[in-house]
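Asks: The numbering of the sequence shown is our numbering, which starts it at 21 and goes up by one.
Following this message is one structure expressed as structure tokens.
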Amino acid sequence: MSAPNKSFDPVEVEALKPEVIDRAKDEALAAIAGAGDLEALREVKAAHAGDRAPLALANREIGALPPHAKAEAGKRVGQARGAVGQALKLRQEELERERDERVLVEEAVDVTLPHDRVPAGARHPLTTFSERVEDIFVAMGYEVAEGPEVEAEWFNFDALNIAPDHPARTMQDTFFVRAGGDAKDEGESGVVLRTHTSPVQIRTLLDREPPVYVICPGRVFRTDELDATHTPVFTQVELLAVDEGLTMADLKGTLDHMVRELFGEGVHTRLRPNYFPFTEPSAEMDMVCYRCHGESVGNPDNPCRTCSSEGWIELGGCGMVNPRVLTACGVDPEKYSGFAFGFGIERMMMFRHNVEDMRDMVEGDVRFTRPFGMEI
Ligand code: PHE
Numbered sequence: 021m022s023a024p025n026k027s028f029d030p031v032e033v034e035a036l037k038p039e040v041i042d043r044a045k046d047e048a049l050a051a052i053a054g055a056g057d058l059e060a061l062r063e064v065k066a067a068h069a070g071d072r073a074p075l076a077l078a079n080r081e082i083g084a085l086p087p088h089a090k091a092e093a094g095k096r097v098g099q100a101r102g103a104v105g106q107a108l109k110l111r112q113e114e115l116e117r118e119r120d121e122r123v124l125v126e127e128a129v130d131v132t133l134p135h136d137r138v139p140a141g142a143r144h145p146l147t148t149f150s151e152r153v154e155d156i157f158v159a160m161g162y163e164v165a166e167g168p169e170v171e172a173e174w175f176n177f178d179a180l181n182i183a184p185d186h187p188a189r190t191m192q193d194t195f196f197v198r199a200g201g202d203a204k205d206e207g208e209s210g211v212v213l214r215t216h217t218s219p220v221q222i223r224t225l226l227d228r229e230p231p232v233y234v235i236c237p238g239r240v241f242r243t244d245e246l247d248a249t250h251t252p253v254f255t256q257v258e259l260l261a262v263d264e265g266l267t268m269a270d271l272k273g274t275l276d277h278m279v280r281e282l283f284g285e286g287v288h289t290r291l292r293p294n295y296f297p298f299t300e301p302s303a304e305m306d307m308v309c310y311r312c313h314g315e316s317v318g319n320p321d322n323p324c325r326t327c328s329s330e331g332w333i334e335l336g337g338c339g340m341v342n343p344r345v346l347t348a349c350g351v352d353p354e355k356y357s358g359f360a361f362g363f364g365i366e367r368m369m370m371f372r373h374n375v376e377d378m379r380d381m382v383e384g385d386v387r388f389t390r391p392f393g394m395e396i
């Protein structure tokens, strides 16, 4: 093995010349200072501190120097590389700080801003509540049936055993529709705004063969003034079941099931005799008060606002479908029987949610509807 070349002069190795080293260092420092962002700095780092950077290449030359020359060259290159490394580190920190500050400003979230400037709409509680009622019956196999709001008098009255001179025609204060401009007086057109959803039941019976199990929700119209307990447009849910062998016990069981689903265990109904032309026998249906369960009756120390301490709440009308109605719809009353009931959703919502004024339900003020939730 030959001895190291003692006469070798490191100054003569081009890459290790002080001015070359200094230039490489100065270039590196200038590039580092000029790097405007972290990405640029990464490139500068590769060019000036990477494996193929001039100072790295110079470093490699040191190994070939004679021992006495190694120290000086090593020191020079080492200092230059150290200075570049230090400058890189500082610039890196500086650029990261700048980036963090920028991100904090650009991506700042003002948590005090209103979170939802255009609030999502929601359906009206009357709609969601009638669907709740519908769901109870759909779960039992009923179908939802709908019909027109502008209805032929025949469907709204005649087919339901309400003859033209029947007091019920005025009992249900009717909006008559004038057909064809002023050609006819209202009342002669034969067209009304439906006063109940019973005409939907007629349409269903005419359309299909029993067995028929339908639930008919919808808007109905009566010439009432808008006040705390009346509205000229309101929502009804009526039910019709026509099958072989149906009795009033089926009606009662169905009603009890409905109020239990809507108001909880222990709530049941009672029937009081009444009259409707389209049912025979007919009854008024009440449910036991779901709040006091009747315990407020005769108990002045513990009054109930929901039922006015009466123990019962009136729900609506019901009965066995009048055979004349079945006949009008082509259904054989000897073979089939049916039951029906109907009630107003607004009234039910009033006592279910302690709404004191019916106008709140129809005026469309979101301050009323919002507490019912945002069900869509
Ligand atoms: N249609 C009746 C009304 O609106 C309610 C009702 C329906 C009564 C079914 C009995 C049976 O007043």
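Just so you know, even glycine gets a beta-carbon here, dropped at the ideal spot from N, CA and C.
Note that the structure is predicted; figures quoted are calculated from it, not measured.
Provide the residue span of the alpha helix (DSSP H) that contains V386, from first to last.
Replies: V386 to T389
Asks: How would you call S22, buried or exposed, if buried means at least 16 neighbouring beta carbons within 10 angstroms?
Replies: For S22, the predicted structure reports a pLDDT of 48, less than 50, and the residue's modelled location is therefore unreliable. A value from the coordinates is still provided. With fewer than 16 other Cβ atoms within 10 Å, it is exposed.
Asks: Is the beta carbon of G336 within less than 7 Å of some heavy atom of the ligand PHE?
Replies: yes
Asks: Which residue or residues does DSSP assign as beta-bridge partners of N294?
Replies: S302
Asks: With respect to 7 Å, is the separation between the Cβ of F175 and the closest non-hydrogen atom of the ligand PHE below this value?
Replies: no
Asks: So does the segment 237-249 actually touch the segment 213-220, counting three or more Cβ pairs closer than 8 Å?
Replies: yes
Asks: Go to P87, then tell me how far its alpha helix (DSSP H) extends in each direction, as first and last residue.
Replies: P87 to E126
Asks: Would you mind working out which of R228, D380, E118 and C327 sits nearest G350, comparing C-alpha positions?
Replies: R228
Asks: Are G70 and A78 close, meaning C-beta to C-beta below 8 Å?
Replies: no
Asks: Give a yes or no on whether the C-beta atoms belonging to L36 and R111 are separated by under 8 Å.
Replies: no
Asks: What are the boundary residues of the beta strand (DSSP E) that D377 is part of?
Replies: No beta strand (DSSP E) contains D377, which DSSP labels as neither H nor E.
Asks: Any chance the segment 339-348 sits against the segment 240-251, with 3 or more Cβ pairs inside 8 Å?
Replies: The segment 339-348 makes no contact with the segment 240-251, as fewer than three CB pairs between them are under 8 Å.
Asks: Would you identify the three-state DSSP class for F157, choosing helix, strand or coil?
Replies: helix
Asks: Hey, would you say T5 sits closer than 8 Å to E366, going by beta carbons?
Replies: Nothing can be reported for residue 5: it is not among the residues displayed for the chain, which extend from 21 to 396.
Asks: Going by the beta-carbon positions, is the gap between M268 and T289 smaller than 8 Å?
Replies: Contact: no.
Asks: Could you name the residues that DSSP lists as bridge partners for W332?
Replies: V308
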